[in-house]
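Novice: Residue numbers for the sequence shown follow numbering that gives the first Met the number 0, so the first one is 0 and each next one is one higher.
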Amino acid sequence: MKTLWRFRARLLPALLFATVPLIFLAAIAWFRFMSAEPEAHQARAETIASFQALSAAAAVDQAVQDAERGQRGFLLTSGRESYLQPYLDSKARLPKLMAELQRALHDSPDQQTRLLSLQSNVTTKMNELESTIVTFRASGFDNALAIVLTDSGRNSMDTIHADLAAIVEAETARLANRQRDAAVAERRVSATFLVGGLAAAAALLVGAALLAGAYRRVAISELTLQSTLDSVREGVAAFDGGGRLRAWNTPFARLLDLAPAALRRGQLLAVDGSTSQTAAEIVDRIGDLDATSRRTGRPALVDYQGREGQSLELFHNRVADGYVTTVLDVSEQRRAEEALRQAQKLESVGQMTGGIAHDFNNLLTIIMGALSFLRRAVGGDPLALQRVEMLEIAAERGAQLTKQLLAFARRQPLQPETINMGGAMQEILPLVRRAVGEDVVIESVITAGLWNTTIDAAQFQSAVLNLAINSRYAMPNGGKLTIEVANATLDDVYAARHAEVEPGQYVQFAITDNGAGMDAATLARALAPFFTTKPAGEGSGLGLPQVYGFVRQSGGHIKIYSEPREGTTVKLYLPRSLHEAAPAVARTTNLALTGSETILLVDDDEVVRSTAFAMLEELGYRVLNVADGNEALATLERELDVALLFTDVIMPGMSGRQLAERAVQIQPKLRVLFTSGYAENAIVHNGRLDAGVELLSKPYDLDRLAAKVRRVLDVSNDRTLSSRSGP
Numbered sequence: 000m001k002t003l004w005r006f007r008a009r010l011l012p013a014l015l016f017a018t019v020p021l022i023f024l025a026a027i028a029w030f031r032f033m034s035a036e037p038e039a040h041q042a043r044a045e046t047i048a049s050f051q052a053l054s055a056a057a058a059v060d061q062a063v064q065d066a067e068r069g070q071r072g073f074l075l076t077s078g079r080e081s082y083l084q085p086y087l088d089s090k091a092r093l094p095k096l097m098a099e100l101q102r103a104l105h106d107s108p109d110q111q112t113r114l115l116s117l118q119s120n121v122t123t124k125m126n127e128l129e130s131t132i133v134t135f136r137a138s139g140f141d142n143a144l145a146i147v148l149t150d151s152g153r154n155s156m157d158t159i160h161a162d163l164a165a166i167v168e169a170e171t172a173r174l175a176n177r178q179r180d181a182a183v184a185e186r187r188v189s190a191t192f193l194v195g196g197l198a199a200a201a202a203l204l205v206g207a208a209l210l211a212g213a214y215r216r217v218a219i220s221e222l223t224l225q226s227t228l229d230s231v232r233e234g235v236a237a238f239d240g241g242g243r244l245r246a247w248n249t250p251f252a253r254l255l256d257l258a259p260a261a262l263r264r265g266q267l268l269a270v271d272g273s274t275s276q277t278a279a280e281i282v283d284r285i286g287d288l289d290a291t292s293r294r295t296g297r298p299a300l301v302d303y304q305g306r307e308g309q310s311l312e313l314f315h316n317r318v319a320d321g322y323v324t325t326v327l328d329v330s331e332q333r334r335a336e337e338a339l340r341q342a343q344k345l346e347s348v349g350q351m352t353g354g355i356a357h358d359f360n361n362l363l364t365i366i367m368g369a370l371s372f373l374r375r376a377v378g379g380d381p382l383a384l385q386r387v388e389m390l391e392i393a394a395e396r397g398a399q400l401t402k403q404l405l406a407f408a409r410r411q412p413l414q415p416e417t418i419n420m421g422g423a424m425q426e427i428l429p430l431v432r433r434a435v436g437e438d439v440v441i442e443s444v445i446t447a448g449l450w451n452t453t454i455d456a457a458q459f460q461s462a463v464l465n466l467a468i469n470s471r472y473a474m475p476n477g478g479k480l481t482i483e484v485a486n487a488t489l490d491d492v493y494a495a496r497h498a499e500v501e502p503g504q505y506v507q508f509a510i511t512d513n514g515a516g517m518d519a520a521t522l523a524r525a526l527a528p529f530f531t532t533k534p535a536g537e538g539s540g541l542g543l544p545q546v547y548g549f550v551r552q553s554g555g556h557i558k559i560y561s562e563p564r565e566g567t568t569v570k571l572y573l574p575r576s577l578h579e580a581a582p583a584v585a586r587t588t589n590l591a592l593t594g595s596e597t598i599l600l601v602d603d604d605e606v607v608r609s610t611a612f613a614m615l616e617e618l619g620y621r622v623l624n625v626a627d628g629n630e631a632l633a634t635l636e637r638e639l640d641v642a643l644l645f646t647d648v649i650m651p652g653m654s655g656r657q658l659a660e661r662a663v664q665i666q667p668k669l670r671v672l673f674t675s676g677y678a679e680n681a682i683v684h685n686g687r688l689d690a691g692v693e694l695l696s697k698p699y700d701l702d703r704l705a706a707k708v709r710r711v712l713d714v715s716n717d718r719t720l721s722s723r724s725g726p
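This is the structure:
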């Protein structure tokens with residue numbers, strides 16, 4: 000018994016001796032764990048904050064680009080509000096994104112300094128975008144374009160990119176440090192439990208539970224980070240120094256067309272037989288980009304074309320212990336830039352054409368007027384009459400050339416009306432038959448239940464005849480011409496591939512021939528002005544461009560399909576109108592084209608005025624002619640029996656539009672007929688003749704002048720001049 004008690008007596012101190020150190024070691028382990036865990040938690044929180052900062056920076060960059068894209072779309076589409084939506088969304092989203100960036104960077108004075116610069120530059124950029132939009136609405140496209148061409152917007156965007164690049168670079172470095180600190184903290188926690196060992200079993204169990212919770216939180220953080228990466232539109236992948244994957248998002252795999260098997264954490268990117276050639280080239284190129292970036296010390300940027308034809312930018316940036324590769328789909332941006340370039344070219348052509356048209360049409364008016372008198376004077380001499388007719392044909396060709404140039408530049412004055420294409424085709428088809436000749440078989444398919452469309456019917460007829468004549472030329476030995484008219488809907492997918500298309504409902508006109516067709520190079524230039532495959536002297540190269548200008552000016556879309564020896568199909572998509580079609584107007588025959596009323600003629604060009612004066616007198620009218628608006632107003636105060644004001648639109652000082660508005664105040668029953676070789680922004684807005692306005696386009700001959708003047712004089716008294724004023 001004593002031996003047992005002695006054993007127990009010895010065991011108790013031994014147990015106490017062993018237990019106390021165990022408890023002491025467990026306490027030390029617990030204390031060290033509790034001191035290390037906040038440090039690890041802080042490191043993880045800072046790491047997540049860095050990822051949030053990088054994500055917010057990318058979102059700010061995208062929002063500014065979306066705002067600029069919306070502003071460009073709005074300008075390019077002549078003020079369509081739907082194109083402005085990206086700008087409005089970005090304007091509403093940017094304050095929240097900047098606040099998120101502010102919160103993520105609150106602990107870094109240097110980043111705060113960069114953020115202040117970024118905030119200032121973003122504000123400057125958004126103010127510039129808003130200024131162009133406000134200017135467009137107030138003063139039109141030219142003044143808005145003038146702001147764009149100052150390059151202030153591009154300079155602001157470059158500064159924003161520089162600010163964001165500095166923030167991203169600094170935050171990427173901080174992220175690397177934080178990840179290293181987090182790893183050190185995690186190792187410290189693990190080392191504490193290892194040192195405690197079995198001696199601190201109780202503490203180890205508690206610590207294991209705490210550690211499991213920490214790992215769960217890390218897993219949740221990683222899941223959150225992955226969700227954040229997957230929510231951005233850019234493809235992002237992070238690699239370690241050996242080129243092995245650390246993290247990536249879904250858009251990275253989708254944009255590069257990589258199979259799931261090619262993306263494995265901790266391994267190199269892999270390609271197999273299912274990987275597209277483009278993706279395989281990009282994977283091979285990533286290593287080269289890293290070498291380039293390592294050599295130059297700067298991020299590397301290259302362009303690629305994706306499998307589906309989209310434009311991709313591959314941005315490769317080295318970080319402390321690896322690199323980050325970002326893939327951006329810039330297709331929409333490239334299309335917008337191309338559309339802007341085309342709009343600028345078209346604007347230049349339009350300005351040049353407008354100036355030429357005004358002066359050239361004045362000259363043609365004089366020539367045509369003189370030929371009208373000359374025709375009457377030589378009526379009994381067949382040879383002289385034949386020569387006059389040759390001169391008239393040449394003058395008409397000159398007039399047609401000017402019209403084609405204006406049509407291509409979308410500067411022709413349209414007089415749109417709501418029509419049903421089925422009814423319009425009944426009038427056009429006989430003209431087409433005469434134009435193509437008897438050796439071409441015409442088949443027409445007019446779908447029942449056609450929607451209405453609002454277009455200039457005369458210009459549409461001219462476009463159809465233009466296309467028919469082109470088809471006739473492609474079938475010199477005869478052939479088959481198929482004309483189809485049907486309803487069509489262009490969806491978002493189609494619109495995404497064609498920057499100028501607005502999704503919606505259209506009336507489709509298609510004309511197909513089985514002629515020679517075009518190769519890819521010819522097709523690419525088919526709509527270019529002055530391009531023609533006809534021999535010299537047989538074509539101006541303005542036929543298809545004229546059709547294109549008319550369709551685009553009408554808010555529509557043109558698509559050409561052609562292959563060598565397979566023929567050509569041209570499809571015109573004209574927007575559906577929900578208005579009722581205008582009733583057909585019965586044509587007046589045997590209209591008396593002369594008169595005895597008093598006409599006030601106003602034109603600043605003395606020779607044009609003299610020509611018009613002679614023609615009006617020849618028609619029997621009493622003509623008062625003056626050179627400017629002030630003289631015209633004074634004449635109207637004296638002469639109270641003036642029936643018609645016949646005035647040029649573009650004149651020094653007081654324009655024809657301003658004169659007309661003041662003239663009808665003096666004589667409310669006064670009829671007004673405008674004439675001009677080019678009248679953009681005076682009586683024509685957005686390519687359409689203002690409501691209530693009567694226009695006789697220059698050049699004109701005696702017959703056209705007689706018919707138009709008589710028609711305006713005979714119009715009912717309830718027709719009044721539109722109150723809309725030009726800018």
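Cβ atoms here follow ideal geometry from the backbone N, Cα and C, with glycine treated the same way.
Would the beta-carbon of L370 fall within 8 Å of that of D604?
Specialist: As a position in the sequence shown, residue 370 is number 371, starting the count at 1. As a position in the sequence shown, residue 604 is number 605, starting the count at 1. For L370 and D604, no; Cβs fall outside 8 Å.
Novice: Which residue wins for smallest C-alpha separation from Q110, given the options V641, D157 and S49?
Specialist: Taking the sequence shown and counting its residues from 1, one reaches residue 110 at position 111. Residue S49 is the option with its Cα nearest to Q110.
Novice: Cα separation between G555 and L522?
Specialist: As a first step, residue 555 must be located in the sequence shown, where it is residue number 556. As a first step, residue 522 must be located in the sequence shown, where it is residue number 523. Approximately 20 Å, taken between the alpha carbons.
Novice: Looking at the structure shown, is P563 part of a helix, part of a strand, or coil, going by DSSP?
Specialist: Taking the sequence shown and counting its residues from 1, the one referred to as residue 563 is at position 564. Reduced to three states, the DSSP call for P563 is coil.
Novice: Bridge partners of V601, per DSSP?
Specialist: As a working mapping, residue 601 is identified with position 602 in the sequence shown. V601 is bridged to V625 and T646.
Novice: Please determine, among L96, A52, E45 and Q51, the residue with the shortest C-alpha to C-alpha distance to R179.
Specialist: As a first step, residue 179 is located in the sequence shown; it is residue number 180 there, counting from the start. Minimum Cα distance to R179 is reached at E45.
Novice: Quick one: what's got a C-beta closer than 7 Å to W450's C-beta in the same chain, skipping five residues either side?
Specialist: As a first step, residue 450 must be located in the sequence shown, where it is residue number 451. Excluding positions up to five away in sequence, the list reads N486, Q504, V506 and R575.
Novice: Taking buried to mean at least 16 other C-beta atoms within 10 Å of its own C-beta, is M389 buried or exposed?
Specialist: The residue labelled residue 389 in the question sits at position 390 within the sequence shown. Counting Cβ neighbours within 10 Å, M389 comes out exposed, since fewer than 16 surround it.
Novice: Any contact between the stretch 506-515 and the stretch 444-463? By contact I mean 3 or more CB pairs, one from each, below 8 Å.
Specialist: Segments in contact, yes.
Novice: If I measure Cβ to Cβ from A383 and keep anything under 7 Å in the same chain, skipping five residues before and after, which residues do I get?
Specialist: Locating residue 383 in the sequence shown gives position 384, counting from the first residue. If we look at A383 and ignore the five residues flanking it on each side, its Cβ neighbours are V377.
Novice: Give me the residue from Y547, L592, D239 and L100 with the minimum Cα distance to L571.
Specialist: Sequence index remark: in the sequence shown, residue 571 carries index 572 (1-based). Closest option to L571, Cα to Cα, is Y547.
Novice: Between N126 and R637, what straight-line distance do the alpha-carbon atoms span, to the nearest angstrom?
Specialist: In the sequence shown, counting from the first residue as 1, residue 126 sits at position 127. In the sequence shown, counting from the first residue as 1, residue 637 sits at position 638. When rounded, the distance between both Cα atoms is 53 Å.
Novice: Look at the Cβ atom of L117, then the Cβ atom of D162, and state whether they are nearer than 8 Å.
Specialist: As a position in the sequence shown, residue 117 is number 118, starting the count at 1. As a position in the sequence shown, residue 162 is number 163, starting the count at 1. Result yes, Cβ atoms of L117 and D162 sit closer than 8 Å.
Novice: With DSSP run on the structure shown, which of helix, strand or coil describes S107?
Specialist: In the sequence shown, residue 107 corresponds to position 108, counting from 1. Coil.
Novice: Please confirm whether any heavy atom of the ligand NAP lies closer than 7 Å to the CB of E99.
Specialist: In terms of ligand content, the structure shown is empty, and the ligand NAP therefore cannot be addressed.
Novice: In this structure, what does DSSP give as the bridge partners for A509?
Specialist: Against the sequence shown, residue 509 aligns to sequence position 510. Its beta-bridge partners are E483 and K570.
Novice: Since S155 contacts T123 with CB under 8 Å, what's their CB separation in whole angstroms?
Specialist: Walking along the sequence shown from the start, residue 155 turns up at place 156. Walking along the sequence shown from the start, residue 123 turns up at place 124. About 5 Å; that satisfies the 8 Å criterion.
Novice: Quick check on DSSP: helix, strand or coil for R248?
Specialist: Sequence index remark: in the sequence shown, residue 248 carries index 249 (1-based). Strictly speaking, residue 248 in this sequence is Asn, with Arg absent from that position. If DSSP states are grouped into helix, strand and coil, N248 belongs with coil.
Novice: Could you give the C-beta distance for L148 and K697, rounded to a whole number, given that I count them as a contact under 8 Å?
Specialist: Along the sequence shown, one-based indexing puts residue 148 at 149. Along the sequence shown, one-based indexing puts residue 697 at 698. 32 Å between Cβ atoms; not a contact.
Novice: Give every residue of the same chain whose Cβ lies closer than 6 Å to the Cβ of Y766, excluding the five residues on either side of it in the sequence, and list them in chain order.
Specialist: Past the edges of the chain, shown from 0 to 726, lies residue 766, and the structure says nothing about it.
Novice: Can you name, in chain order, every residue of its own chain whose Cβ lies under 8 Å from the Cβ of R621, other than the five neighbours on each side?
Specialist: Here residue 621 corresponds to residue number 622 of the sequence shown, with the count starting at 1. S595, E596, T597 and I598, listed in sequence order.
Novice: Identify, in the order they occur along the chain, each residue of the same chain with its Cβ nearer than 6 Å to the Cβ of M614, setting aside the five sequence neighbours on each side.
Specialist: Indexing the sequence shown from 1 puts residue 614 at position 615. Result list for M614: G368, L701 and L704, in chain order.
Novice: My output table needs one value for G503: the three-state DSSP class, helix, strand or coil.
Specialist: As a first step, residue 503 is located in the sequence shown; it is residue number 504 there, counting from the start. Three-state DSSP puts G503 in a strand.
Novice: Going by beta carbon distance, what residues of the same chain come within less than 7 Å of Q84, once the five residues before and after it are set aside?
Specialist: The sequence position of residue 84 within the sequence shown is 85, counting from 1. Result list for Q84: G69, in chain order.
Novice: If you reduce the DSSP assignment to three classes, tell me which class G476 lands in.
Specialist: For the purposes of this step, residue 476 is taken as the residue at position 477 of the sequence shown. The sequence as given places Asn at residue 476; Gly does not occur at that position. Looking at N476 - three-state DSSP - the assignment turns out to be coil, as it is neither helix nor strand.
Novice: DSSP three-state call for G321: helix, strand or coil?
Specialist: Along the sequence shown, one-based indexing puts residue 321 at 322. In this structure, G321 counts as strand in the three-state DSSP scheme.
Novice: Looking at the structure shown, is R243 part of a helix, part of a strand, or coil, going by DSSP?
Specialist: On the sequence shown, position 244 is the one that residue 243 refers to. Coil at R243, not helix or strand.
Novice: Determine the DSSP secondary structure at R551, reduced to helix, strand or coil.
Specialist: The count along the sequence shown starts at 1 and reaches residue 551 at position 552. Here R551 sits in helix by DSSP.
Novice: Under the assumption that L618 contacts L600 (Cβ atoms under 8 Å), give the Cβ distance between them as a whole number of angstroms.
Specialist: By one-based count along the sequence shown, residue 618 stands at place 619. By one-based count along the sequence shown, residue 600 stands at place 601. About 12 Å separates the two Cβ atoms, so there is no contact after all.
Novice: Output needed for M0: all residues of its chain with C-beta closer than 7 Å, excluding positions within five of it in sequence on either side, in chain order.
Specialist: For the purposes of this step, residue 0 is taken as residue 1 along the sequence shown, with counting starting at 1. Unreliable positioning characterises M0 in this predicted model, as indicated by a pLDDT of 38, which lies under 50. A coordinate reading is not provided.
Novice: For S310, which of R496, D490 and R551 has the nearest alpha-carbon?
Specialist: Working through the sequence shown from its first residue, we reach residue 310 at position 311. It is R496.
Novice: Which class does Q545 belong to by DSSP, given the choice of helix, strand or coil?
Specialist: One-based indexing of the sequence shown puts residue 545 at position 546. Note: Q545 maps to helix in three-state DSSP.
Novice: Going by the CB atoms, is the gap between V484 and G421 shorter than 8 Å?
Specialist: Counting from one through the sequence shown, the residue named residue 421 turns up at place 422. Counting from one through the sequence shown, the residue named residue 484 turns up at place 485. Contact flag set, yes.
Novice: If distances are taken between C-alpha atoms only, which option among V167, V714 and L115 comes closest to S54?
Specialist: If you number the sequence shown from 1, residue 54 lands on position 55. The shortest C-alpha separation from S54 is found at V167.
Novice: Compare the Cα-Cα distances from R173 to each of T76, L643, S130 and I47 and report the closest residue.
Specialist: Counting from one through the sequence shown, the residue named residue 173 turns up at place 174. If we check each option's Cα against that of R173, I47 comes out closest.
Novice: Which runs of the alpha helix (DSSP H) at least 4 residues long sit entirely within the stretch 42-109? Give them in chain order.
Specialist: Counting only runs of 4 or more, we get 84-103.
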